[in-house]
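Undergrad: Quick one: the structure is below, questions incoming.
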Amino acid sequence: MQDIAQQLTNILQQVSGYIYPNEVELQWGLLVVVYPYITGLVAGAFILASLERVFNVKEVEPTYRLALLTALAFLLIAPLPLLLHLGHPERSFEIFLTPNVHSAMAMFGFVYAWYLAVVLLLEIWFDYRKDLVLWARNERGLRKWIHLMLTLGATDLSEQSVEFDRKAVRFITIMGIPSAFLLHGYVGFIFGSVKANPWWSSVLIPVVFLFSAMVSGIALVLMLYLLTGLVRRSFEMTCLDKLASFLFYALVVDFSLEILDFIHRLYEAEESIKILGTMISTRLFLSLVVLQTLAGTVLPLICLAFVSPAFGSRALVRFPDELRRLLYLASATLIQIGIFSTRWNVVIGGQLFSKSLRGLTVYKMELLGLEGFFVAVLLMAAPFFLLYILVKILPPWKEEITTPVPEQVPSD
Amino acid sequence: MSTEANRMQSEPESPQEISHDRREFLKQCAAAAPLLLAIVQIAEEAAASANDESYKPEEHYYGMGIDVNKCIGCGRCADACKTENNVPREPFYFRTWVERYVLTTDGETVVTSPNGGIDGFPSTMSERGILRTFFVPKLCNHCANPPCVQVCPVGATFITRDGVVLVDKDYCIGCRYCIQACPYGARFLHPITRTAEKCTFCYHRVVRGNVPACVEVCPTGARIFGDVRARSSPLARFTRFNEVQVLKPQLNTAPKVYYANLDGEVR
Amino acid sequence: MPQQVNRLAIVFLILVSSLIGARHYLVPTTFGDLGHYRAAAIDANASKPLIYAGHEACGTCHPDIVKTHDEARHRSVACEVCHGAQAAHAESPGEHQPPAPRQRGFCPLCHGYDPSRPTGFPQIDPVSHNPGRPCITCHNPHAPVPPHTPQECSACHGEIARTKALSKHAALPCNMCHQVAERHKITPLLSTPSKPQTREFCGKCHGQEAKAPAEIARVNLSTHGERYVCWQCHYAHSPEAQ
Numbered sequence: 001m002q003d004i005a006q007q008l009t010n011i012l013q014q015v016s017g018y019i020y021p022n023e024v025e026l027q028w029g030l031l032v033v034v035y036p037y038i039t040g041l042v043a044g045a046f047i048l049a050s051l052e053r054v055f056n057v058k059e060v061e062p063t064y065r066l067a068l069l070t071a072l073a074f075l076l077i078a079p080l081p082l083l084l085h086l087g088h089p090e091r092s093f094e095i096f097l098t099p100n101v102h103s104a105m106a107m108f109g110f111v112y113a114w115y116l117a118v119v120l121l122l123e124i125w126f127d128y129r130k131d132l133v134l135w136a137r138n139e140r141g142l143r144k145w146i147h148l149m150l151t152l153g154a155t156d157l158s159e160q161s162v163e164f165d166r167k168a169v170r171f172i173t174i175m176g177i178p179s180a181f182l183l184h185g186y187v188g189f190i191f192g193s194v195k196a197n198p199w200w201s202s203v204l205i206p207v208v209f210l211f212s213a214m215v216s217g218i219a220l221v222l223m224l225y226l227l228t229g230l231v232r233r234s235f236e237m238t239c240l241d242k243l244a245s246f247l248f249y250a251l252v253v254d255f256s257l258e259i260l261d262f263i264h265r266l267y268e269a270e271e272s273i274k275i276l277g278t279m280i281s282t283r284l285f286l287s288l289v290v291l292q293t294l295a296g297t298v299l300p301l302i303c304l305a306f307v308s309p310a311f312g313s314r315a316l317v318r319f320p321d322e323l324r325r326l327l328y329l330a331s332a333t334l335i336q337i338g339i340f341s342t343r344w345n346v347v348i349g350g351q352l353f354s355k356s357l358r359g360l361t362v363y364k365m366e367l368l369g370l371e372g373f374f375v376a377v378l379l380m381a382a383p384f385f386l387l388y389i390l391v392k393i394l395p396p397w398k399e400e401i402t403t404p405v406p407e408q409v410p411s412d
Numbered sequence: 001m002s003t004e005a006n007r008m009q010s011e012p013e014s015p016q017e018i019s020h021d022r023r024e025f026l027k028q029c030a031a032a033a034p035l036l037l038a039i040v041q042i043a044e045e046a047a048a049s050a051n052d053e054s055y056k057p058e059e060h061y062y063g064m065g066i067d068v069n070k071c072i073g074c075g076r077c078a079d080a081c082k083t084e085n086n087v088p089r090e091p092f093y094f095r096t097w098v099e100r101y102v103l104t105t106d107g108e109t110v111v112t113s114p115n116g117g118i119d120g121f122p123s124t125m126s127e128r129g130i131l132r133t134f135f136v137p138k139l140c141n142h143c144a145n146p147p148c149v150q151v152c153p154v155g156a157t158f159i160t161r162d163g164v165v166l167v168d169k170d171y172c173i174g175c176r177y178c179i180q181a182c183p184y185g186a187r188f189l190h191p192i193t194r195t196a197e198k199c200t201f202c203y204h205r206v207v208r209g210n211v212p213a214c215v216e217v218c219p220t221g222a223r224i225f226g227d228v229r230a231r232s233s234p235l236a237r238f239t240r241f242n243e244v245q246v247l248k249p250q251l252n253t254a255p256k257v258y259y260a261n262l263d264g265e266v267r
Numbered sequence: 001m002p003q004q005v006n007r008l009a010i011v012f013l014i015l016v017s018s019l020i021g022a023r024h025y026l027v028p029t030t031f032g033d034l035g036h037y038r039a040a041a042i043d044a045n046a047s048k049p050l051i052y053a054g055h056e057a058c059g060t061c062h063p064d065i066v067k068t069h070d071e072a073r074h075r076s077v078a079c080e081v082c083h084g085a086q087a088a089h090a091e092s093p094g095e096h097q098p099p100a101p102r103q104r105g106f107c108p109l110c111h112g113y114d115p116s117r118p119t120g121f122p123q124i125d126p127v128s129h130n131p132g133r134p135c136i137t138c139h140n141p142h143a144p145v146p147p148h149t150p151q152e153c154s155a156c157h158g159e160i161a162r163t164k165a166l167s168k169h170a171a172l173p174c175n176m177c178h179q180v181a182e183r184h185k186i187t188p189l190l191s192t193p194s195k196p197q198t199r200e201f202c203g204k205c206h207g208q209e210a211k212a213p214a215e216i217a218r219v220n221l222s223t224h225g226e227r228y229v230c231w232q233c234h235y236a237h238s239p240e241a242q
């Protein structure tokens with residue numbers, strides 16, 4: 001209590017203008033910025049995977065399983081920032097028991113459970129089932145048992161069975177696309193439906209969230225495919241080029257939507273425009289103008305426009321493979337920073353100005369503590385560790401599929 | 001006691017040992033009975049005082065009236081509220097507060113609320129010409145169409161049949177969505193219970209026929225409490241004789257705190 | 001039925017039944033009785049203890065003070081505004097003694113001059129008003145009539161007096177334009193002073209043919225601002241202000 005009081009006293013001294021007395025303390029901090037970022041990656045990675053299955057984009061086929069596993073790893077970590085943020089995480093199950101159907105946030109429990117169980121887990125299971133059976137047959141020890149358990153006993157490998165698997169995957173993927181939209185779109189709706197907050201209350205927010213999610217997801221898969229490919233010394237340049245092209249298309253749509261929101265706001269010039277303008281030019285200048293717009297969107301747009309074969313089968317400017325890879329990696333990294341800044345600007349920005357429209361407060365990010373910087377870094381690193389484990393148990397590489405190699409594991 | 005435990009762990013007991021245990025147990029029951037009776041009695045009294053049979057929530061629908069022209073900005077209301085409801089005294093948690101508006105002759109509006117007005121306001125003998133200046137008390141508006149109730153994911157905040165918006169602090173998960181959704185800044189997160197909190201119209205006073213603490217101590221009668229729908233209540237008279245406004249009507253929250261003589265600069 | 005579907009159906013059934021079972025035990029009993037909330041929460045809120053006793057509680061033991069108080073100017077000021085929250089005292093009077101604020105710094109919380117306070121509300125400048133002496137020396141807090149009924153309007157209308165004192169109307173007494181009954185000093189809102197109603201009133205000094213000292217500014221009443229009354233443009237307490 002004492003240190004909260006000390007912190008808030010410091011913040012109180014930095015308030016400019018008038019804020020309601022209860023608004024000194026920012027309610028939704030760093031963890032609530034991390035959550036939509038993570039679910040955005042999930043939705044984006046899944047939609048990339050579905051590109052291959054549903055729209056038959058053959059070039060990105062090598063990333064299909066990797067994208068699914070990435071989505072799963074991030075989805076499993078996603079509830080953690082929320083739990084850590086709650087005042088009473090031990091009561092969080094109440095969302096499943098007595099959800100208020102008028103509340104967008106209550107939908108979290110069901111959308112999450114639906115997406116995890118029915119979409120992601122099922123799709124992964126159906127896609128891997130044949131390989132799980134084959135691996136279990138040829139392996140020994142712990143790995144054999146893990147793979148055998150994962151088959152759930154459905155070891156039938158007849159042609160009909162395998163055909164059923166294929167059809168199931170296609171069906172689930174088709175169902176999964178709107179589910180992915182829902183998974184991240186509802187987060188946007190949580191903000192967009194708050195009429196009390198003029199920075200959030202907008203029809204466009206769910207759509208902007210969704211497209212920026214797709215951008216970040218595609219960028220993430222691109223980075224992972226490139227980095228794992230470099231480590232394993234096997235990847236396909238055509239796949240990377242195609243990923244970069246899709247990244248470019250998604251970025252164009254995302255940027256257009258954000259520009260539209262900006263122009264619309266400036267044009268209508270409602271009462272909130274003054275304080276919002278002050279907020280952007282003072283508190284949010286670095287994160288919005290520099291990180292989100294210039295470095296995170298404009299720069300990668302220009303880079304990808306020239307470097308990737310987005311406008312046809314050949315790029316506007318032909319770069320050698322290695323340089324192109326480097327530029328893709330750089331663009332994808334900038335994009336991740338930009339999308340994270342987008343989430344930051346929405347969540348934190350919406351609370352920096354007072355609902356009296358007369359003042360601004362500050363956000364002091366803690367370093368230590370349950371909602372601090374280090375915890376956030378840990379939460380964002382955790383999915384990669386989880387992904388590593390998943391990749392070990394369910395290898396997504398093409399070579400593993402065609403010739404399953406029995407791993408010698410000491411059985412004890 | 002330890003010998004009894006040892007006895008229980010050892011091999012089958014003889015009938016004498018069993019009847020001895022039974023006797024001990026019955027003795028303990030007899031000793032405990034008066035204590036149990038006392039506890040039951042206290043619980044019943046507590047329940048009876050809470051569920052006062054004479055209070056029928058369906059007969060009431062509460063609101064508040066505030067006459068801005070009468071408020072002198074003494075801050076007794078904000079102070080009494082914190083006392084009555086045990087609100088932390090730090091200047092970041094307020095169930096009600098008083099704002100001062102100073103409209104200058106060169107067109108600027110300056111709003112302040114130092115510690116919610118609890119310690120009064122520093123006298124502003126500023127050099128700039130004052131066009132208008134006044135105090136505005138603020139609190140939860142107990143909206144008839146409350147956005148905070150709409151967004152609570154678990155049903156921990158609700159509006160009662162008598163029109164008071166309350167928080168169930170044993171059920172609240174502390175997600176703070178309601179705090180975001182309130183357009184009036186009336187809610188805050190209690191630093192110790194880690195649940196959402198706000199003005200309750202001093203519900204515990206109201207069900208006993210009292211008025212909220214802020215209304216009780218207001219020395220000029222700037223705050224009026226009563227039934228919105230009754231024909232004869234102080235609030236009914238207030239809304240009959242004053243042209244009342246509510247805060248942020250365009251958001252359609254249907255607030256039940258009615259301001260008389262409210263200036264257009266008030267947000 | 002393909003084997004996969006069978007296996008999945010088993011897993012699904014196990015999950016769903018355990019969820020339904022858990023729900024049965026975990027949803028609180030009173031939830032949903034009155035609405036989408038725990039009905040028991042109403043009692044939880046209603047059964048908190050009272051800290052303020054309320055103005056009716058004091059009359060039981062202090063009828064004389066309450067009678068005096070209720071007939072005087074502080075009748076709308078509850079006992080507990082000055083004496084603090086006293087439910088504990090009402091419960092067991094011997095154990096809890098209410099404080100009685102006697103220091104000079106207390107009364108200016110309400111009565112110290114502040115321009116944001118409504119005109120006519122009794123205010124004094126705490127620095128210059130009988131410095132050093134506790135307020136209760138002259139004012140009984142339960143019947144705070146000032147020891148001498150103020151002769152000057154400026155006692156309650158200080159800001160107006162100060163504004164007027166710096167203006168061209170400084171020499172004019174207040175009752176030149178406002179008819180004031182003596183009762184106004186006792187019950188100000190029940191006996192309000194009159195205000196000029198017509199342009200001709202100001203014309204008594206400011207009209208072309210007015211019998212008034214020459215240095216007073218004159219206007220032609222028939223043409224100057226003919227549709228308006230004078231005080232719609234000129235602030236009478238500071239008429240030269242722009």
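Protein chains in written order, with our numbering: chain U, 1 to 412; chain R, 1 to 267; chain C, 1 to 242.
Even glycine gets a Cβ: it sits at the ideal position worked out from N, Cα and C.
From a predicted model like this one, the values you see are computed outputs, not experimental measurements.
If you measure between the beta carbons of P300 (chain U) and L251 (chain U), is that distance less than 8 Å?
TA: In the first sequence, the residue the question calls residue 300 (chain U) occupies position 300. In the first sequence, the residue the question calls residue 251 (chain U) occupies position 251. Cβ atoms of P300 (chain U) and L251 (chain U): closer than 8 Å.
Undergrad: Would you tell me roughly how many angstroms separate the C-alpha atoms of G87 (chain U) and C175 (chain R), rounded to the nearest one?
TA: As a first step, residue 87 (chain U) must be located in the first sequence, where it is residue number 87. As a first step, residue 175 (chain R) must be located in the second sequence, where it is residue number 175. Their backbone Cα atoms lie some 7 Å apart in a straight line.
Undergrad: Would P36 (chain U) be called buried (16 or more neighbouring beta carbons within 10 Å of its own) or exposed?
TA: The sequence position of residue 36 (chain U) within the first sequence is 36, counting from 1. By the neighbour-count rule (16 or more Cβ atoms within 10 Å), P36 (chain U) is buried.
Undergrad: Considering I66 (chain R), what are the terminal residues of the beta strand (DSSP E) in which it resides?
TA: On the second sequence, position 66 is the one that residue 66 (chain R) refers to. It spans 62-67 - the beta strand (DSSP E) in which I66 (chain R) sits, taken as one unbroken run.
Undergrad: Verify the CB distance criterion: does R117 (chain C) have a CB-CB separation below 8 Å to chain R?
TA: Translated into positions along the third sequence, residue 117 (chain C) becomes position 117. R117 (chain C) counts as touching chain R.
Undergrad: Looking at C-alpha atoms only, which residue of R:C71, R:R22, R:S54, R:E59 is the closest neighbour of A222 (chain R)?
TA: If you number the second sequence from 1, residue 222 (chain R) lands on position 222. Looking from the CA of A222 (chain R), the closest CA among R:C71, R:R22, R:S54, R:E59 belongs to R:C71.
Undergrad: Between H36 (chain C) and chain U, is the shortest Cβ-Cβ distance under 8 Å, so that the two count as touching?
TA: Locating residue 36 (chain C) in the third sequence gives position 36, where the first residue counts as 1. So yes, H36 (chain C) belongs to the interface.
Undergrad: Using the beta-carbon of each residue, which ones in chain U are nearer than 9 Å to A282 (chain R)?
TA: It is not possible to answer for residue 282 (chain R), since the shown part of chain R is limited to 1 through 267.
Undergrad: Expressed to the nearest angstrom, what Euclidean distance is found between the alpha-carbon atoms of L426 (chain U) and Q351 (chain U)?
TA: Nothing in the structure corresponds to residue 426 (chain U), since chain U is present only between 1 and 412.
Undergrad: Are the region 318-332 of chain U and the region 364-375 of chain U in contact at 8 Å, needing three or more beta carbon pairs?
TA: no
Undergrad: Pairs of beta-carbons, one from the region 377-386 of chain U and one from the region 302-314 of chain U, closer than 8 Å: are there three or more?
TA: No, because fewer than three Cβ pairs between the region 377-386 of chain U and the region 302-314 of chain U fall closer than 8 Å, the two stretches do not touch.
Undergrad: For T268 (chain R), is the classification buried or exposed, using 16 other Cβ atoms within 10 angstroms of its Cβ as the cut-off for buried?
TA: Residue 268 (chain R) is absent from the model: chain R starts at 1 and stops at 267.
Undergrad: Under 9 Å Cβ-Cβ, which residues of chain C neighbour R129 (chain U)?
TA: The count along the first sequence starts at 1 and reaches residue 129 (chain U) at position 129. Under the 9 Å cutoff, chain C gives Q4.
Undergrad: Using three-state DSSP, classify E59 (chain R) as helix, strand or coil.
TA: Residue numbering aside, residue 59 (chain R) sits at position 59 when the second sequence is read from its first letter. DSSP places E59 (chain R) in helix when its eight states are reduced to three.
Undergrad: Under three-state DSSP, which class holds W200 (chain U)?
TA: Sequence index remark: in the first sequence, residue 200 (chain U) carries index 200 (1-based). Per DSSP, reduced to three states, the secondary structure at W200 (chain U) is coil, with no helix or strand assignment.
Undergrad: Which class does Q250 (chain R) belong to by DSSP, given the choice of helix, strand or coil?
TA: Taking the second sequence and counting its residues from 1, the one referred to as residue 250 (chain R) is at position 250. Residue state, collapsed to three classes: helix.
Undergrad: Going by Cα to Cα distance, which pick from C:S17, C:Y25, C:E215, C:A46 is closest to V164 (chain R)?
TA: Here residue 164 (chain R) refers to the residue found at position 164 when the second sequence is read from its first residue. V164 (chain R) has its Cα closest to that of C:A46, out of C:S17, C:Y25, C:E215, C:A46.
Undergrad: Should Q150 (chain R) be flagged as near chain U, meaning a C-beta pair shorter than 8 Å?
TA: Looking up residue 150 (chain R) in the second sequence gives position 150. Output row for Q150 (chain R): interface = yes.
Undergrad: If you measure from the beta carbon of H24 (chain C) to each beta carbon in chain U, is any gap under 8 Å?
TA: The count along the third sequence starts at 1 and reaches residue 24 (chain C) at position 24. No, H24 (chain C) lies away from the interface with chain U (no Cβ there is under 8 Å from its Cβ).
Undergrad: In chain order, what residues of the region 218-247 of chain U put their CB closer than 8 Å to some CB of chain C?
TA: Those residues of the region 218-247 of chain U that come within reach of chain C (Cβ to Cβ, closer than 8 Å) do not exist; the list is empty.
Undergrad: Can you give me, in chain order, the residues of the region 164-185 of chain R that have a beta carbon less than 8 Å from any beta carbon in chain U?
TA: Among the residues of the region 164-185 of chain R, those with a Cβ less than 8 Å away from any Cβ of chain U are Y171, C172, I173, G174, C175, R176, Y177, I179, Q180, A181, C182, P183, Y184, G185, in the order of the chain.
Undergrad: Quick one: which residues of the region 43-57 of chain C get their C-beta closer than 8 Å to a C-beta of chain R? List them in chain order.
TA: D43, A44, N45, A46, S47, K48, P49, L50, I51, Y52, G54, H55
Undergrad: Look at the Cβ atom of E139 (chain U), then the Cβ atom of V169 (chain U), and state whether they are nearer than 8 Å.
TA: Here the question's residue 139 (chain U) lines up with position 139 in the first sequence. Here the question's residue 169 (chain U) lines up with position 169 in the first sequence. No, the pair does not count as a contact, with Cβ atoms beyond the cut-off.
Undergrad: So, helix, strand or coil for P153 (chain R), using DSSP?
TA: Translated into positions along the second sequence, residue 153 (chain R) becomes position 153. The three-state secondary structure of P153 (chain R), taken from DSSP, is coil.
Undergrad: Applying the criterion that 16 or more other CB atoms from any shown protein chain within 10 Å of the CB defines a buried residue, is N86 (chain R) buried or exposed?
TA: The residue you call residue 86 (chain R) lines up with position 86 of the second sequence. N86 (chain R) is exposed by the Cβ-count criterion.
Undergrad: The region 280-297 of chain U: which residues have C-beta closer than 9 Å to a C-beta of chain R, in chain order?
TA: none
Undergrad: From the DSSP output, in three-state form, read off S16 (chain U) for me.
TA: Translated into the one-based positions of the first sequence, residue 16 (chain U) becomes position 16. Here S16 (chain U) sits in strand by DSSP.
Undergrad: Which partner residues of N140 (chain C) appear in the DSSP bridge assignment?
TA: As a first step, residue 140 (chain C) is located in the third sequence; it is residue number 140 there, counting from the start. According to DSSP, N140 (chain C) bridges with C:A143.
Undergrad: For S234 (chain U), count neighbouring C-beta atoms within 10 Å of its own C-beta (all shown protein chains included) and say buried if the count is 16 or more, exposed if not.
TA: In the first sequence, the residue the question calls residue 234 (chain U) occupies position 234. The residue is exposed, with fewer than 16 neighbouring Cβ atoms inside 10 Å.
Undergrad: Would G338 (chain U) and L291 (chain U) be called neighbours here (beta carbons separated by less than 8 Å)?
TA: As a position in the first sequence, residue 338 (chain U) is number 338, starting the count at 1. As a position in the first sequence, residue 291 (chain U) is number 291, starting the count at 1. Closer than 8 Å, so yes.
Undergrad: From Q232 (chain C) to H224 (chain C), what does the alpha carbon distance come to, in whole angstroms?
TA: Locating residue 232 (chain C) in the third sequence gives position 232, counting from the first residue. Locating residue 224 (chain C) in the third sequence gives position 224, counting from the first residue. Rounded to whole angstroms, Q232 (chain C) to H224 (chain C) spans 13 Å at the Cα level.
Undergrad: Only counting runs of 3 or more residues, tell me where the beta strand (DSSP E) segments fall wholly within the region 104-146 of chain R, in order along the chain.
TA: Listed in chain order, they are 109-112, 130-139.
Undergrad: According to DSSP, what are the bridge partners of G226 (chain R)?
TA: Along the second sequence, read from residue 1 onward, the residue named residue 226 (chain R) stands at position 226. G226 (chain R) pairs with R:G63.
Undergrad: On the criterion of 16 or more Cβ atoms from any shown chain inside 10 Å, does H102 (chain U) qualify as buried, or is it exposed?
TA: As a first step, residue 102 (chain U) must be located in the first sequence, where it is residue number 102. Per the 10 Å Cβ criterion, exposed.
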